[in-house]
Structures are given as C-alpha cells and as structure tokens.
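In what follows, a structure is listed as structure tokens, so that the remarks can point back to it.
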Amino acid sequence: MSSPLIGITCSTSLSARQKRRELGGESLQDHVPRTYIQAVVASGGTPLLIPLVEELAVIEWMVSRLNGILLTGGVDVNPTYYQREPHLNLGTIDSAKDRLECQLTQLALRADIPILGICRGIQMLNVAAGGTLYQDIPAERSAPVLKHMQDAPMRTLTHSVSIEPGTQLYALIRQERIRVNSHHHQAVQDLAPGFRSTAFSPDGLIEGIEHPAKPFVVGVQWHPEATYQEDMPSQQVFRGFIDAAGQQEK
C-alpha cells in the first residue's frame, strides 16, 4: 500500500499579525508548524501543505486527490461562522484560514475523507458541521474551570481527560484516562448534528468529538503532534488517522 497523501492546513504567518485583530495584506505568508509534518511522516503518511486559497475549484481539486485532511491549530474561529456576536474576549482571527477550512471540511465530510482536527481543528470541525463554541471559556462558563491555556512548554502534559468507552477515540487509545497538554481559551459548546463527544476534561469541557457514521472524523482539543515522540496516546491517534486515510482509494 502506498503512503496516504495527507493535506495539512496552513495558517497565516504569526510574524505578520502585528497584534491586529483581523488579518490581511499582500505580504502575508502561509505556514505550518513542523511538528504536524513530522507526526504525519512518522505515522506513515505523506504530507501536503494546503495553502489558504479562496478559489472553490482549487479546494475541490485538492479534496478529490487527498486521502486525509489534518485541521491544524491556530487563532480563534470567527463567531459569525456559528451565528454569534463577537465576545469581548475574542482574540485574533484568521479570516483566510476560517474560509478555507470551513469549505474544505464540509467538502471532506460529504466525500467521507478521513479528518483529524487538532485544537482549533476540533473547533472548526464542529463549526463547519453546524455546532457552536465557547468564545472564551473563563468568561462563558459559570462552573469552575481548569487553566486550559498552560504556561508550561507544549510537550508538558498538564491535565487529564476521560475518554468515553465505545468510541473510536477509545478504540485507538484503549485507556479511559490520559494526560494531555492544553493551549486554548475556546472550546466546543453545542455539538454539531451527527457528532458525539468522546472525551472530557475534569471541569466537564468537551475535549474530543467524532462522527460515528463516518470512516474517520475525529477531533481532539489537545496537541498530540507536540507530544508525538514520547507519548503513546498521541502516536495512537496519528496512526489511527493515517491507517484510515490509507484505506481511501483515489
């Protein structure tokens, strides 16, 4: 079996943001942290970076040729994509990434292409399919919450998540509780139709989702690409994704 072709979504370059709320400008660059690429390669996939294009025909062409799609982390999702007014604590948004990933995700869902969403990726997966988000966890959750934006390096596992037995995520990891890193202030609120929650943090936030009717549509709120080298659950998530992508015929 040949190595499955995995599309990895880019973000607008951090160096170009200059603390602006809305990104734009002719000199901006598309980029992907190398850890995503390394995790895909180490799991047996062939990475292909997906630039932030606007042309639907180009996006459709990519979907028709990819075996799997990796939705990467990044800045906040624009709440207009789930019909909400911006919260005062909404951070920077990346309009080009929002536009590309929403179209890409919807096309991939219709085509039954395996999808793995990481951090912001789980959020976009949920939003593109019709769900909503907490725009700022501390401000919008009345119950006590964990510190989900850790100060420690990304490779440090700072809190636990419980994984629901009987889910695809549990079948991959085969543990009911694991330790994860945490680098987000937004999270899944209302699940998209057809999706189910697969993992929770101790404060009750959704940390994992999947679509049980699809071959492989999985989202996790943590960053397994950052801990792939030394963390077995991170490796199992990526290997499951690449294995599912390898079953796609193009």
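Going by my numbering, 26 is the number at position 20 of the sequence shown; the sequence numbering is gapless. Even for Gly, the Cβ is constructed at its ideal location relative to N, Cα and C.
> When you compare each of His229, Pro199, Met130 to Gln156 by their alpha carbons, which one comes out closest?
Replying inline: When the alpha-carbon of Gln156 is set against those of His229, Pro199, Met130, the nearest one is in His229.
>> Just to confirm before moving on: does the CB-CB distance between Glu215 and Ile128 stay below 8 Å?
In response: Position check: residue 215 holds Ile in this sequence, whereas Glu was assumed. The answer is yes: Cβ separation under 8 Å.
> Quick one: Cα of Ile75 to Cα of Cys108, how far?
Replying inline: Their Cα atoms are separated by approximately 12 Å.
> By Cβ distance below 7 Å, which residues in the same chain neighbour Ala177 in space, the five residues on each side in sequence not counted?
Replying inline: None.
> Of all the options Gly50, His93, Asn132, Leu62, which has the alpha carbon lying nearest to the alpha carbon of Gln141?
Replying inline: Answer by Cα proximity: His93.
>> According to DSSP, simplified to helix, strand and coil, what is Ala149?
In response: Ala149: coil per DSSP, three-state reduction.
> For the 8 Å Cβ check, are there 3 or more pairs between the region 189-202 and the region 211-226?
Replying inline: The answer is yes - the region 211-226 touches the region 189-202, with three or more Cβ pairs under 8 Å.
> Can you tell me where the beta strand (DSSP E) with Val64 in it begins and where it stops?
Replying inline: Run containing Val64: none in the beta strand (DSSP E); it sits in the alpha helix (DSSP H), 62-71.
> In chain order, what residues of the same chain lie with their CB nearer than 6 Å to the CB of Asp36, ignoring the 5 residues before and after it?
Replying inline: The beta carbon of Asp36 sits closer than 6 Å to the beta carbons of Cys16, Pro57, Leu58 from its chain, once the five residues preceding and following it are set aside; these are given in chain order.
> Counting along the chain, where does the alpha helix (DSSP H) carrying Thr111 start and finish?
Replying inline: In this chain, the alpha helix (DSSP H) harbouring Thr111 covers 101-116.
> Ser17 bridges to which residues according to DSSP?
Replying inline: Beta-bridge analysis with DSSP links Ser17 to His37.
> In chain order, which continuous runs of the alpha helix (DSSP H) of length 4 or greater are located wholly inside the region 163-250?
Replying inline: Qualifying alpha helix (DSSP H) stretches, in chain order: 174-179.
> What is the rounded straight-line gap between the Cα of Gln89 and the Cα of Asn95?
Replying inline: Inter-residue distance for Gln89 and Asn95 is about 17 Å (C-alpha atoms, whole angstroms).
> What does a CB cutoff of less than 6 Å around Ala135 pick up in its chain, not counting 5 residues either side in sequence?
Replying inline: These residues qualify, in order along the chain: Ala198.
> Any idea what DSSP makes of Met155, helix, strand or coil?
Replying inline: In the displayed model, Met155 falls within a strand according to three-state DSSP.
> Among all the DSSP beta bridges, which residues are the ones paired with Asp82?
Replying inline: The partner list for Asp82 (beta bridge, DSSP) reads Ile99.
> Between Val167 and Val151, is the Cβ-Cβ spacing less than 8 Å?
Replying inline: Going by C-beta atoms, Val167 is not nearer than 8 Å to Val151.
> With a Cβ-Cβ cutoff of 8 Å, do Leu163 and Thr78 count as a contact?
Replying inline: No, Cβ-Cβ distance for Leu163 and Thr78 is not below 8 Å.
>> Please classify Lys103 as buried or exposed, where buried requires at least 16 other C-beta atoms within 10 Å of its C-beta.
In response: Looking at its Cβ environment, which holds 16 or more other Cβ atoms inside 10 Å, Lys103 is buried.
> When DSSP builds the beta bridges, which residues end up paired with Tyr88?
Replying inline: The partner list for Tyr88 (beta bridge, DSSP) is empty, contrary to what the question assumes.
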